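The next block holds one structure in the form of structure tokens; read it before the comments.
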Amino acid sequence: MAIERTFQDIPAEHSDKADQHAYLATLSRSRDVGWHDVLRSKRILIISEAGAGKTYECREQQKNLWNAGEPAFFLELSELAVSRLHDMLVGEQEMRLNAWIASQSDIATFFLDSIDELNISQGSCKRALINLRKGIAEQLDRARIVITTRPISFDRELVQEILGVPQQPEVETGADAFAQIALKGYTNQQKEEQNDQRPSDIRTVALMPLSDQQIKAFARDQKIENPQRTP
Numbered sequence: 011m012a013i014e015r016t017f018q019d020i021p022a023e024h025s026d027k028a029d030q031h032a033y034l035a036t037l038s039r040s041r042d043v044g045w046h047d048v049l050r051s052k053r054i055l056i057i058s059e060a061g062a063g064k065t066y067e068c069r070e071q072q073k074n075l076w077n078a079g080e081p082a083f084f085l086e087l088s089e090l091a092v093s094r095l096h097d098m099l100v101g102e103q104e105m106r107l108n109a110w111i112a113s114q115s116d117i118a119t120f121f122l123d124s125i126d127e128l129n130i131s132q133g134s135c136k137r138a139l140i141n142l143r144k145g146i147a148e149q150l151d152r153a154r155i156v157i158t159t160r161p162i163s164f165d166r167e168l169v170q171e172i173l174g175v176p177q178q179p180e181v182e183t184g185a186d187a188f189a190q191i192a193l194k195g196y197t198n199q200q201k202e203e204q205n206d207q208r209p210s211d212i213r214t215v216a217l218m219p220l221s222d223q224q225i226k227a228f229a230r231d232q233k234i235e236n237p238q239r240t241p
């Protein structure tokens, strides 16, 4: 049985602490969220210490989306920094990417993983993001992009600069707006409530360590006797 890992939203001012056990221990586990909630945003930065499981989690989510028929792609940032997006995809992957670009409607998910974190500089990260933007034919509004990263300040700024989500046009005013209100009962209060529930475009989250319950469940799955016992 797979362990469902969880995340917590990290404020920008605390992003440099998101890989520190001492900081994560101060967070309330009651606020943990899963992949379903995280993927409601269009741009997601996942920060955690090396070996925490970021790569595994992203690979598994890509497989789940792909098997469900969605266009989803796992890419290494270091390779994307020196390669065109289409050159990194073969067979059905490239066909599904091309079909998505032509569809003008579906959402595609791109997992950009910093496997070789120590060799990814600000310059190479910027080139990778530019190569992605060109490779998806500027379809930024239809792309969901997940990036695993170290706790470094320029990541969020680069994502906003190169892969920012285009702003949607304002709702029309005048006769069309009046008709919409009359037919659908759409009020300003309802609009504000919807905006409050809408996830932010760019979201920084920490991959949380396994909880005690998850550790016990993992131990039982591995046929470890008496997982509650401590040495």
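Mapping of the sequence shown onto my numbering: residues 11 to 241, in sequence order.
Glycine is no exception: its CB is placed at the ideal position from the N, C-alpha and C atoms.
Keep in mind the model is a prediction, meaning the values are calculated, not measured.
What three-state label does DSSP hand Phe70 in the structure shown? In the sequence shown, the residue the question calls residue 70 occupies position 60. What sits at residue 70 in the sequence shown is Glu, not Phe. If DSSP states are grouped into helix, strand and coil, Glu70 belongs with the helices.
How about the segment 67 to 83 and the segment 127 to 145: do they share at least three Cβ pairs that are nearer than 8 Å? Cβ pair count under 8 Å is below three, so no.
Residues in its own chain within less than 7 Å of Glu59 by CB, not counting five upstream and five downstream? Within the sequence shown, numbered from 1, the residue matching residue 59 stands at position 49. The residues are Asp29.
If you follow the beta strand (DSSP E) that Ile155 is in, where does it begin and where does it stop? Counting from one through the sequence shown, the residue named residue 155 turns up at place 145. Here the beta strand (DSSP E) through Ile155 covers Ala153 to Thr159.
If we ignore side chains and look at the alpha-carbon of each, how far apart do Thr36 and Ala153 end up? For the purposes of this step, residue 36 is identified with residue 26 of the sequence shown, where counting begins at 1. For the purposes of this step, residue 153 is identified with residue 143 of the sequence shown, where counting begins at 1. Each residue's alpha carbon lies about 33 Å from the other.
Taking Cβ to Cβ, would you say Val246 is nearer than 7 Å to Ile13? Missing from the structure shown is residue 246; the chain here goes from 11 to 241 and no further.
Specify the secondary structure class of Val43 as computed by DSSP and reduced to three states. To locate residue 43, count along the sequence shown from 1; it is residue 33. In this structure, DSSP gives Val43 an extended state, which the three-state scheme calls strand.
Quickly, what does DSSP pair Gln18 with across the bridge? List them, please. By one-based count along the sequence shown, residue 18 stands at place 8. Paired residue(s): Ala216.
Whose C-alpha, out of Glu89, Ser93, Leu90 and Phe83, is nearest the C-alpha of Met105? Taking the first residue of the sequence shown as 1, we reach residue 105 at position 95. It is Phe83 whose Cα lies nearest to the Cα of Met105.
Asp26 versus Gln170 - alpha carbon distance: Residue numbering aside, residue 26 sits at position 16 when the sequence shown is read from its first letter. Residue numbering aside, residue 170 sits at position 160 when the sequence shown is read from its first letter. Each residue's alpha carbon lies about 18 Å from the other.
In terms of residues, what are the limits of the beta strand (DSSP E) holding Ala82? As a working note, residue 82 is residue 72 in the sequence shown. In the DSSP annotation of this structure, the continuous segment of the beta strand (DSSP E) that includes Ala82 starts and ends at Ala82 to Glu86.
On the three-state DSSP scale, how would you describe Arg94? Sequence index remark: in the sequence shown, residue 94 carries index 84 (1-based). Coil.
For Leu95, collect the residues of the same chain with a Cβ closer than 8 Å to its Cβ; drop the 5 residues on either side in sequence, then sort them by chain order. The sequence position of residue 95 within the sequence shown is 85, counting from 1. These residues qualify, in order along the chain: Leu85, Leu107, Asn141, Leu142, Lys144, Gly145 and Ile146.
Consult DSSP for Ala118 and reduce its assignment to one of helix, strand or coil. Start at 1 with the first residue of the sequence shown, and residue 118 comes out as number 108. Strand.
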